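Mapping the sequence shown onto UniProt numbering, position 151 (from 1) lands on 151, and the numbers just tick up by one. The next block holds one structure in the form of C-alpha cells; read it before the comments.
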Amino acid sequence: MPLSRELKGSTPTTLDDDACFSEFLPWIIYSAGGCTGLVATNRDQPGDTVTQHSSQARTALVVVAHHRADSLTAHTARRSADRLEAAGYRVDLLDLHAEGFDPRMNAADQPDWGDREKAYSDEAHAHMRRVLDADVVVAVFPVYWQSVPAILKGWIDRVWNYGFAYGRSKPRLAGKRMLWLGLAGATADDPITEGMRSHLEAGLNEGIAYYCGFAHSTVGLLTDAEERPQRVDAAGNLLVGEAVTGAEREAQYADFDRRAREFVEKFLAAEGVSA
Numbered sequence: 001m002p003l004s005r006e007l008k009g010s011t012p013t014t015l016d017d018d019a020c021f022s023e024f025l026p027w028i029i030y031s032a033g034g035c036t037g038l039v040a041t042n043r044d045q046p047g048d049t050v051t052q053h054s055s056q057a058r059t060a061l062v063v064v065a066h067h068r069a070d071s072l073t074a075h076t077a078r079r080s081a082d083r084l085e086a087a088g089y090r091v092d093l094l095d096l097h098a099e100g101f102d103p104r105m106n107a108a109d110q111p112d113w114g115d116r117e118k119a120y121s122d123e124a125h126a127h128m129r130r131v132l133d134a135d136v137v138v139a140v141f142p143v144y145w146q147s148v149p150a151i152l153k154g155w156i157d158r159v160w161n162y163g164f165a166y167g168r169s170k171p172r173l174a175g176k177r178m179l180w181l182g183l184a185g186a187t188a189d190d191p192i193t194e195g196m197r198s199h200l201e202a203g204l205n206e207g208i209a210y211y212c213g214f215a216h217s218t219v220g221l222l223t224d225a226e227e228r229p230q231r232v233d234a235a236g237n238l239l240v241g242e243a244v245t246g247a248e249r250e251a252q253y254a255d256f257d258r259r260a261r262e263f264v265e266k267f268l269a270a271e272g273v274s275a
C-alpha cells in the first residue's frame, strides 16, 4: 500500500540490504493506510483520453522503486518529498511496489509503431495521467548493475510509451523536469563511481528524459548507502568492509541525508524555486 505522511519521531528498522537503522535520526513514519497529507491523485475511467488536469499548484511526482517501505531508498524519497512540499509543490508519492505495479511488458502495452494513438492498458493509462499531471518527476532507486531496478525500468517501458512520452513532433512531456536519485553501495572514492555516474547520466538523462522532451534532467548519485563499505580493488575484486557503528554510523548517514537534500535543493534552485 502507498506510503503516506503520519507522524515524526520513530525510526524504521532496516536499510537497503543488510544494514539497519535501529538508532539514527528523527524519521517520518508513513502509515499503510493511504495518502494522508499528500495530494490525492484522481484516476481516469477506462477509455478516457490522457489529458493534463489544470492546477494552480505545481505537482511533483516522487517515484519510489524499492521493495521495502523501511529502506534507505524509501526514507530518501520521503525526505525529498518534504523538501518539495516546503518549496510549494503538491506531492504525488508513487511507491511502485506498494501499489502493486507490474513491470512486465504485455500485449496491451506493447507499442504499435503504426498507431501512436493506441489505447494502452488501464494500469498504464492511470500512470500516464500521473506523469502528465506532474511538473517535476523525482525517481528514487537503488543502483543495480549501474542501472535502475527492474520495477523502475518496467514502469518506464510500459508507461513512458510510444505516442505518449515520445513519437510526436511536440512531446506531451515537453517542459517537465526530472531528478534521478540513485543510491549506491560504492564509496565516494571508489574508482568505479565516476564510471557509474557517467553510465547513469547517459542512460537516464540522454536516453530517456531528453528523448521524451524533458526540459531538464539530472542524476544525483548517492554513494556510501551501505553500512558495510564496498569498493573494487585494482584487480577487480569486490572488497566489503566491516559495518560502521555508533557515532561513525550516525555521522555517515547524517552526511548521506545532507547530500540527498543538496541534490534536491540544487534541482529546485535550477528552476528558481526557493528551497
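The beta-carbon is built from N, C-alpha and C at its ideal position, and this holds for glycine as well. Since the structure is predicted, the reported quantities are computational estimates derived from the model, not experimental observations.
The three-state secondary structure of residue 84, taken from DSSP, is helix.
Residue 104 counts as exposed, since fewer than 16 other beta carbons sit within 10 angstroms of its beta carbon. Here the alpha carbon of residue 142 sits roughly 17 angstroms from the alpha carbon of residue 101.
About 7 angstroms separates the Cβ atoms of residue 63 and residue 140, confirming a contact at the 8 angstroms cut-off.
Contact annotation: residue 144 and residue 116 have beta-carbon atoms that are not nearer than 8 angstroms.
Following the DSSP letters along the chain, one finds residue 155 inside the alpha helix (DSSP H) bounded by residues 150-159. In terms of Cα proximity to residue 255, the closest of 134, 76, 71 is 76. Contact annotation: residue 138 and residue 181 have beta-carbon atoms nearer than 8 angstroms. Residue 148 sits close to residue 65, with the two beta carbons spaced by under 8 angstroms. Take residue 224, set aside five residues on each side of it, and the residues of its chain with a beta-carbon closer than 7 angstroms to its own are 187, 188, 252, 256, in chain order. Looking at the backbone, the Cα of residue 174 and that of residue 159 are separated by about 16 angstroms.
Selection 136, 70, 193, 210 evaluated against residue 58 yields 136 as nearest (Cα-Cα). CA-CA distance, residue 88 to residue 268, rounds to 11 angstroms. When the beta-carbon positions are compared, residue 134 and residue 92 come within less than 8 angstroms of each other.
Closest option to residue 81, judged by alpha-carbon separation, among 238, 112, 60: 60.
A check of alpha carbon separations from residue 215 across 203, 184, 171 identifies 171 as the nearest. Across the structure, residue 165 and residue 191 are spaced so that their CA atoms are roughly 35 angstroms apart. Residue 92 sits in a strand when the DSSP states are folded into three classes.
Counting along the chain, the unbroken alpha helix (DSSP H) around residue 197 starts and ends at 192-200. Shown here for residue 67: same chain residues with a beta carbon closer than 6 angstroms to its own, the five before and five after excluded, namely 97 in chain order. Contact between residue 238 and residue 219 does not hold, since the beta-carbon distance rounds to 23 angstroms and is not under 8 angstroms.
In the DSSP assignment, residue 128 falls outside any beta strand (DSSP E) and within the unbroken alpha helix (DSSP H) covering 122-133.
For residue 177, the enclosing beta strand (DSSP E) has its first and last residue at 177-183.
Residue pairing of residue 141 in beta bridges, as defined by DSSP: 182.
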